[in-house]
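*Asks:* Taking the working numbering, the leading residue of the first sequence gets 767, the next gets one more, and so forth. A virtual CB, placed ideally from N, CA and C, is assigned to each residue, including glycine. I have a structure here, written as structure tokens, and I will follow up with some questions on it.
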Amino acid sequence: MAQTNLSPPFDFIREMIEEHLRTNRFQGRVMTRFPPEPNGYLHIGHAKSVCLNFGIAAQYGGTCNLRMDDTDPSGENQEYVDSIIQDVKWLGFEWKDRLFYASDYYEQLYQYAVQLIKKGKAYVCSLNAAEIRDYRGSLTEPGRESPYRNRSVEENLNLFERMRAGEFKEGSHVLRAKIDMASPNITMRDPIMYRIRYEPHYRTANQWCIYPMYDFAHCLSDSIERITHSICTLEFENNRPLYDWFLDELNVEYHPQQIEFARLNLGYTVLSKRRLIELVEDKCVRGWDDPRMPTLAGMRRRGYPPDAIRNFCERISVAKNDSLIDVALLEHCLRENLNEKAQRVMAVLHPLRLVIDNYPEGQTEEWDSPYHPQNPEMGSRKVPFSRTLYIEQEDFLENPPKKFYRLAPGREVRLRYGYFIKCVNVIKDPKTGQVAELHCTYDPETRSGFAPNGRKVDATIHWVSADHSIPAEVRLYDRLFRVANPLEGKSDFKEYLNEKSLETIRSCRVEPSLAHASPGSQFQFERVGYFCVDPDSSDKVLVFNRILTLRDSWSKASGKEKI
RNA sequence: UGGGGUGUCGUCAAGCGGUAAGACACAGGUCUUUGGAACCUGGACUCGGAGGUUCGAAUCCUCCCACCCCAGCCA
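Spelled out as structure tokens, the structure:
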């Protein structure tokens, strides 16, 4: 794959890691983890984190664990676990036997909580949710201490044990860390460690009715796994003092370093689980793997190669600035990748019938055409040619503007891999006045690259033989939203959805070599774009997804919309 | 009007006191049987703003401004 940046990535995280290596902070170890919560599908924002965590581990000779951060039974399920596993694998990373679940640590976490209670650093609070919120204070006012804050260790132990035993109603008690209700950092105002939930957990079923909160579970899970660098996104910066507090108070052997980086924002889409769920549930898209979705499942179905995504994640680099990445960069990585490895074939999306008057009726030729003109090692296939062809409707204009140099009345162009043809007649539909069929003549001396006496032609157009080509359905995708940042402005981001993000064309014609292309395989339809076979394809219909268009300086120059 | 972060080209982003890397985008050009690809060229007299320190500041100091995050028994 084309790789422009050959030097290994270097950023503030790696800089910190190298400092730790120099000062022997972790005995030379580098161990990371990717900790998704299995309550939704992974998207390209997660890919950034996956690439960072697995990439760093590989770079420094360490390991990266895959850990399901499943501490909230509502919404989490095995289907999501399976999809996460599939997606991370697809991206190209492996974790061997290091697939862990926070839910596997429930007993250990419980014991840690007991330890904290014994130390007088945690207490059972019996305020209700509204009261807790009220006691917490606000951004500008300090909180007030809970009336239950000074229960004895014995009482706390007893109550916590009974919470676990299921003696109390949901919401009646929580376990809280005893820190500082006046802290300017709200995270430190006696944060909740455990809450009672009678919802069954997808892995532990009804074994537990108390579940640990993120702040308590995460740092300890990291410690249990001997993680050295716990990389997370910026919004957890406020939580770092708490991350450190638990580990310090519990005096654990392994105390990882939490490091925060800016999450990915990509133009013309949204990258938040909550909003993606909304798109799926409101049927704005066909599902999690709709090719317009920024989910890894969607991108896989769309035909985005995983190594292009990895390259993209490396190129956007890692920093702490809130940023909105230009989709053009993603598209560039995709084109760079696909340009190198996609086989070239011919397909006509909007067919226009073209008859070559001086080509013998019934005659057929088969031309051996390379799958990749720049790379002959990719082989070739036979492309049949005959008297009646289909060309792209937009490759002909009856009254061409100055800079249009494709086919027009009296004009000559080359057929890709074939002859020069000249348009001699235009037949229109008498009712609509639309161009219905073109008549041309061909020059037998001009086959495949030959041109007598240096005769030149301005354009080369693609085509398929009418009788030999096969029908196909093509799905054209455009950006999901009309604006770069759908979260800015209107209260409902869905108001910015691009109504034309999917266009299905059922009357396409593709060259016969595509007849048995397997789902997922990627091609360049010459002059049109990159496409892949959709799993919806069957013996009856071939369905292609447009991965993306080719760069198109003509449509840019003519100010015309992409086909 | 608390606390935590961030502000360098249109978009990302290096820079860590010695006189503004790189990528994408954009513009122009070469080449070409894909108006594709490849290749060449061009662009921040300036680093959120204002002061200050220094021979020298994007980098240090002071003040100001803007934006993001935190008041879930979510993560």
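Is it right to say Q1109 is buried, meaning 16 or more other beta carbons lie within 10 angstroms of its own, or is it exposed?
*Replies:* buried
*Asks:* Once DSSP output is grouped into helix, strand and coil, what is the label at W861?
*Replies:* coil
*Asks:* May I ask you to verify whether the segment 845 to 857 touches the segment 794 to 810, counting CB pairs closer than 8 angstroms and requiring at least 3?
*Replies:* Touching, yes.
*Asks:* On the criterion of 16 or more Cβ atoms from any shown chain inside 10 Å, does M767 qualify as buried, or is it exposed?
*Replies:* Model confidence at M767 stands at a pLDDT of 35, short of 50, so the residue's coordinates are unreliable and nothing is read from them.
*Asks:* Quick one, which of K1107, P1218 and A943 has its alpha-carbon nearest P721's?
*Replies:* This structure gives no information on residue 721, because the portion of the chain shown stretches from 767 to 1329.
*Asks:* Provide the residue span of the beta strand (DSSP E) that contains I1187, from first to last.
*Replies:* Counting along the chain, I1187 sits inside the beta strand (DSSP E) bounded by residues F1186 to K1194.
*Asks:* Does the count of Cβ pairs from the segment 1000 to 1019 and the segment 822 to 829 closer than 8 angstroms reach three?
*Replies:* no
*Asks:* Kindly give me the distance between the Cβ atoms of L1030 and I1082, rounded to whole angstroms, as I take these residues to be in contact under 8 angstroms.
*Replies:* 7 angstroms
*Asks:* Assign L772 to one of three DSSP states: helix, strand, or coil.
*Replies:* In this predicted model, L772 has a pLDDT of only 48, less than 50, meaning its place in the structure is not dependable enough to derive any value.
*Asks:* Could you tell me if the beta carbon of Y867 falls within a distance shorter than 7 angstroms of some heavy atom in the ligand HEM?
*Replies:* The model on display carries no ligand, and the ligand HEM is accordingly not part of it.
*Asks:* Measure the alpha-carbon distance for R1182 versus R788 and round it to whole angstroms.
*Replies:* The alpha-carbon atoms of R1182 and R788 are separated by roughly 60 angstroms.
*Asks:* Pick helix, strand or coil for K1148, following the three-state DSSP scheme.
*Replies:* strand
*Asks:* If I follow the unbroken alpha helix (DSSP H) through R1052, where does it start and stop?
*Replies:* Boundaries for R1052: no alpha helix (DSSP H) harbours it, and the DSSP string shows neither H nor E there.
*Asks:* State the CB to CB distance for the pair L1037 and A813, rounded to an integer number of angstroms; the pair is presumed to be in contact (CB under 8 angstroms).
*Replies:* Taking a contact as a CB-CB distance under 8 angstroms, the pair L1037 and A813 does not count as one, their CB atoms being some 10 angstroms apart.
*Asks:* Here's the rule: buried if 16 or more other CB atoms are within 10 angstroms of the residue's CB, otherwise exposed. What is I1193?
*Replies:* exposed
*Asks:* Quick check on K1328: does DSSP put it in helix, strand or coil?
*Replies:* In this prediction, K1328 scores a pLDDT of 41, lower than 50, which makes its location untrustworthy; no coordinate-derived value is stated.
*Asks:* Among G1199, T1198, C975 and A1225, whose alpha-carbon lies nearest the alpha-carbon of F1186?
*Replies:* A1225
*Asks:* Would you identify the three-state DSSP class for L1118, choosing helix, strand or coil?
*Replies:* strand
*Asks:* Please report the distance separating the alpha-carbon of K1169 from that of S1324.
*Replies:* 8 angstroms
*Asks:* Which residue spans inside the segment 1177 to 1243 form an unbroken beta strand (DSSP E) run of at least 3?
*Replies:* 1178 to 1181, 1186 to 1194, 1201 to 1209, 1229 to 1231 and 1236 to 1243
*Asks:* What does the Cβ neighbour count give for L1000, buried or exposed, with the cut at 16 atoms within 10 Å?
*Replies:* Looking at its Cβ environment, which holds fewer than 16 other Cβ atoms inside 10 Å, L1000 is exposed.
*Asks:* So does the segment 1231 to 1242 actually touch the segment 1270 to 1288, counting three or more Cβ pairs closer than 8 angstroms?
*Replies:* yes
*Asks:* To the nearest angstrom, report how far apart C985 and E1292 are at their CA atoms.
*Replies:* Those two C-alpha atoms are separated by around 52 angstroms.
*Asks:* Determine the direct distance from the alpha carbon of C1206 to that of I1122, and round the result to whole angstroms.
*Replies:* 5 angstroms
*Asks:* Which residue or residues does DSSP assign as beta-bridge partners of G1295?
*Replies:* F1291 and T1315
*Asks:* If we call anything under 8 angstroms between Cβ atoms a contact, is S840 one with E933?
*Replies:* Their beta carbons are not under 8 angstroms apart, which means S840 does not touch E933 by this criterion.
*Asks:* Using only the alpha-carbon positions, how far apart do I990 and Y1020 sit?
*Replies:* 7 angstroms
*Asks:* Rounded to the nearest angstrom, what separates P1301 and G1286 at their Cα positions?
*Replies:* 7 angstroms
*Asks:* Expressed to the nearest angstrom, what Euclidean distance is found between the alpha-carbon atoms of F1162 and K1039?
*Replies:* 45 angstroms
*Asks:* Quick one: give me the first and last residue of the beta strand (DSSP E) that C1274 is part of.
*Replies:* Counting along the chain, the beta strand (DSSP E) containing C1274 begins and ends at L1268 to V1276.
*Asks:* Cutting at 7 angstroms between CB atoms, please list the residues of its own chain near V919, excluding the five before and the five after it.
*Replies:* I883, K884 and G886
*Asks:* Starting from Q1109, follow the beta strand (DSSP E) in both directions and report where the run begins and ends.
*Replies:* Q1109 to V1111
*Asks:* Near N771, which residues of its chain fall below 6 angstroms by C-beta distance, leaving aside the five closest residues on each side in sequence?
*Replies:* Legend: pLDDT at N771 = 40, less than 50; position of this residue unreliable, no value from coordinates given.
*Asks:* For the pair the segment 1066 to 1074 and the segment 852 to 870, tell me if three or more CB-CB distances fall below 8 angstroms.
*Replies:* yes
*Asks:* What is the DSSP secondary structure of I889, counted as helix, strand or coil?
*Replies:* According to the sequence provided, residue 889 is Tyr. The question's Ile does not apply to it. Y889 falls in the strand class under three-state DSSP.
*Asks:* Quick one: grab the DSSP three-state call for L1104.
*Replies:* helix
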